[in-house]
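Input: a single structure, listed below in structure tokens.
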Amino acid sequence: MRSSSYSLMAGAPRPGRRAARAVLVLALTAGAATAVPAAQADTPTATPAATAIELAAQPYMGWSSWSMQSSKYPGLNPDGDYSYLTEANVLKQADAMAAKLKQYGYEYVNIDAGWWMDKDWKSGFDQYGRQAPDPVRFPNGMKSLADHIHSKGLKAGIYLPVGLEKGAYGEGKVPIWNAPGCTTADIVYPDLRTTNGWDSAYKIDFGDPCAQKYIDSQAQMFADWGYDFLKLDGVGPGSFKSGDNYNNVADVAAWQKAIATAGRPIHLELSWSLDIAHAADWKKHSNGWRIDTDVECYCNTLVTWENSVNDRWDDAPAWSNKAGPGGWNDFDAIDVGNGEMDGLTKAERQSYMTLWAISKSPLYTGDDLTRLDSYGVSLLTNKEVIAVDQNDSPAARPVTTVGDQQVWGTKNADGSYTVALFNLGDSPAAVTAHWASFGFTGNASVRDLWSKSNLGIYKNKITATLPAHGSRLFTIKPGGSTLATTSHEAEDAANTLSGNASVAGCDDCSGGKKVGNLYAGGKLRFNNVTVKKDGIYTVKVAYVSGDARSVNVSSNGGNGSSQKFPSTGDWSTAETVSVQLALKAGSNTITFDSGTGYAPDIDKIVVPRSV
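Using this note's numbering, the letters of the sequence shown correspond one by one to residues -4 to 606.
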């Protein structure tokens, strides 16, 4: 189930940008569940478990059912909310993917929430407390569906919420498959404390070995059915819940262990809006993790720019250094293929795809693959853009401070750079990428990845005027020289600290130190910053900031400007951004002033010796 599935199914509003979801109040939490026979399949001979690297060497690509299930777009759910999810519809999408997108790397067909629920959202379970497919939605069962998907050369994905669903508890008397003497009463806490993003399940107590046996039974069922992917939803810390009840790290570890012994490689994806403080846990135990709330708008389109898509530019930077082979930052579905049904302009659709690709997010669309428009096809099948997502370069980060006009980039293995320009403003604006932000100067060749054309040689920078919410995506190949620079450490005794500003240790910082406590008027002034001639300089700032923070940056006592630095993810990781400053020949000062707020900690500045 998608991040907000339960609350929205219960008719709750979608309040605010980061508001918590309501508690599930539908049949999931009330009444006896429908019992159906257990899956009849022999346990396969165990095979060595695939490593995380083997399962997720690159971000996965595919399709997910949730965007269309959750939308109010006319005709998508004619038999009531979420009624889109049926065997027939999944088969249509699988066939369309095989015909249109498989050749470009799309391979997973992922069934989201509701496969074990009837159209009134009443759950069905087998005699062992495991979710069982609704016979109306999936008349031939889940194994038959996976078999069809596999016959197309694709992979099959399925979904569960974390915890023991309340409807599966059965007064604690339900036996656990392949675990003599174990019942559902053994695997949860006696006080029946709840867990997951909707409190729709009882928290599992992994202090009892019966608990692992229950997770093993679910994993074995999916392996027997032939599924290659599991989305585990409502996971915390995160999913807008905190506290011990909502800490599901043990659940995720149990799933990893269960999959390893189920005899079939299964990609484990976690959802939703997970706590970055536990990024090491997510990476240790899974192959991917959602970094944000749902991308869907739960309205009469699949998504909208303001309500669901544009948040990612703010939230992605903190996670950028968490992604890598074996585990990826999941930005959620990419609904750019259906035009009017997507609810976005063409410029927005391109920017959406561009950010996902440069950030190494999985590329899975929630669109109707049977009715892709030509522009959507051009976005989803651009091999050069897909290669940006799938190659071995690091996830991109902003190389400028974050306002409406942003430059993001990353260095590739061949020495080139992938550079994206974004105009997040509501009117056309020019955006400039300076080569100095990437550490070189002079000429560079530029290729436009969206138009698949070489633009020629550009000296020192490239500027593009972009429409509202527009973007460009380039490969930049330096032809000039490495930029000569001078580094200035924030903790240098020659600098001036005022207010609360003070030197602190920082293992990830240059020289092992930084200047922090820049708040309520705290200032750091770099003295004796020397350059050879007057000009506008691209100054790189190394900094540390556990959240996005603004600071006024000025030179030589001028008024300066407020610059918003993106989060580095925590208070021990250093990253860099560039700012443009007017400097004069000879000695200069550069000041970071917190004003009345809180500023990032500063590690150092790197200043070109000349323009």
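Even glycine gets a Cβ: it sits at the ideal position worked out from N, Cα and C. Computed from a prediction, not measured in an experiment: that's the story for all the values here.
With a 10 Å radius around its C-beta and 16 neighbouring C-beta atoms as the bar for buried, classify residue i as buried or exposed.
i           : result
residue 608 : In the structure as shown, the chain begins at -4 and stops at 606. Residue 608 is therefore absent and cannot be evaluated.
residue 226 : buried
residue 563 : buried
residue 312 : buried
residue 291 : buried
residue 589 : buried
residue 405 : buried
residue 282 : buried
residue 585 : buried
residue 135 : exposed
residue 572 : buried
residue 257 : buried
residue 540 : buried
residue 533 : buried
residue 597 : buried
residue 330 : buried
residue 259 : buried
Mind checking which residues open and close the alpha helix (DSSP H) that includes residue i?
i           : result
residue 283 : Element bounds for residue 283: not the alpha helix (DSSP H) but the beta strand (DSSP E), 283 to 285.
residue 235 : No alpha helix (DSSP H) holds residue 235; DSSP gives it neither H nor E.
residue 337 : It is not in any alpha helix (DSSP H) - residue 337 carries neither H nor E in the DSSP assignment.
residue 370 : 369 to 375
residue 325 : Not the alpha helix (DSSP H): residue 325 falls in the beta strand (DSSP E), residues 323 to 325.
residue 84  : 82 to 95
residue 164 : 161 to 164
residue 228 : Segment 224 to 228 is the beta strand (DSSP E) holding residue 228; no alpha helix (DSSP H) there.
residue 273 : Note, residue 273: premise wrong, no alpha helix (DSSP H); not H, not E.
residue 244 : 244 to 255
In the DSSP assignment, what are the bridge partners of residue i?
i           : result
residue 570 : 538
residue 603 : 480
residue 56  : 358
residue 403 : 393 and 415
residue 216 : Looking at the DSSP assignment, residue 216 forms no beta bridge with any residue, so it has no partner.
residue 183 : 199
residue 472 : 440
residue 500 : 508
residue 465 : 418
residue 596 : 539
residue 559 : 545
residue 319 : 322
residue 46  : Answer by DSSP bridge pairing: none, since residue 46 is not bridged.
residue 104 : 58 and 151
If you drop the 5 nearest sequence neighbours on each side, which residues of the same chain put their C-beta closer than 8 Å to that of residue i?
i           : result
residue 14  : Only weak support exists for where residue 14 lies, its pLDDT of 33 falling under 50; the value from the coordinates is given anyway. 235, listed in sequence order.
residue 305 : 419 and 464
residue 324 : 283, 284, 286, 311, 314, 315, 317, 318, 354, 355, 356 and 390
residue 168 : 178, 179 and 180
residue 147 : 89, 90, 92, 93 and 97
residue 200 : 182, 183, 184 and 206
residue 271 : 286, 313, 314, 317, 564 and 565
residue 410 : 472 and 473
Counting only the same chain and skipping the five closest in sequence on each side, list residues whose C-beta sits under 7 Å from that of residue i.
i           : result
residue 503 : 567, 568 and 569
residue 498 : 486, 508 and 510
residue 156 : -4, 191, 195, 196, 228 and 229
residue 222 : 141, 151, 152, 153 and 261
residue 187 : 197
residue 379 : 444 and 447
residue 244 : 273 and 276
residue 102 : 56, 57, 149 and 150
residue 435 : 473, 475, 476, 477 and 478
In its own chain, which residues sit with a C-beta less than 6 Å from the C-beta of residue i, not counting the 5 before and 5 after it?
i           : result
residue 53  : 385
residue 535 : 571, 573 and 601
residue 582 : 523 and 525
residue 517 : 494, 495, 496 and 589
residue 549 : 555 and 586
residue 400 : 418, 424 and 426
If you follow the beta strand (DSSP E) that residue i is part of, which residue opens it and which one closes it?
i           : result
residue 450 : 448 to 454
residue 518 : 518 to 526
residue 150 : 150 to 156
residue 66  : Unbroken run through residue 66: none, as it is neither H nor E.
residue 424 : 424 to 429
So is residue i in contact with chain B if we call contact Cβ pairs under 8 Å?
i           : result
residue 564 : Among the chains of the structure shown, chain B does not appear; only one protein chain is present.
Contact between the segment 416 to 426 and the segment 463 to 481 (3+ Cβ pairs under 8 Å):
yes
Does the segment 444 to 462 come into contact with the segment 477 to 484, if we say contact requires no fewer than three beta-carbon pairs (one atom in each stretch) closer than 8 Å?
no
Closer than 8 Å is the cut-off here; do at least three beta carbon pairs connect the segment 346 to 360 with the segment 596 to 606?
no
contact_flag[the segment 468 to 475, the segment 518 to 532] where n(CB pairs < 8 Å) is 3 or more
no
Okay, do the segment 103 to 117 and the segment 70 to 90 touch, 3+ Cβ pairs below 8 Å being the bar?
yes
Could you say if the segment 207 to 218 and the segment 251 to 260 meet the contact criterion of at least three C-beta pairs nearer than 8 Å?
yes
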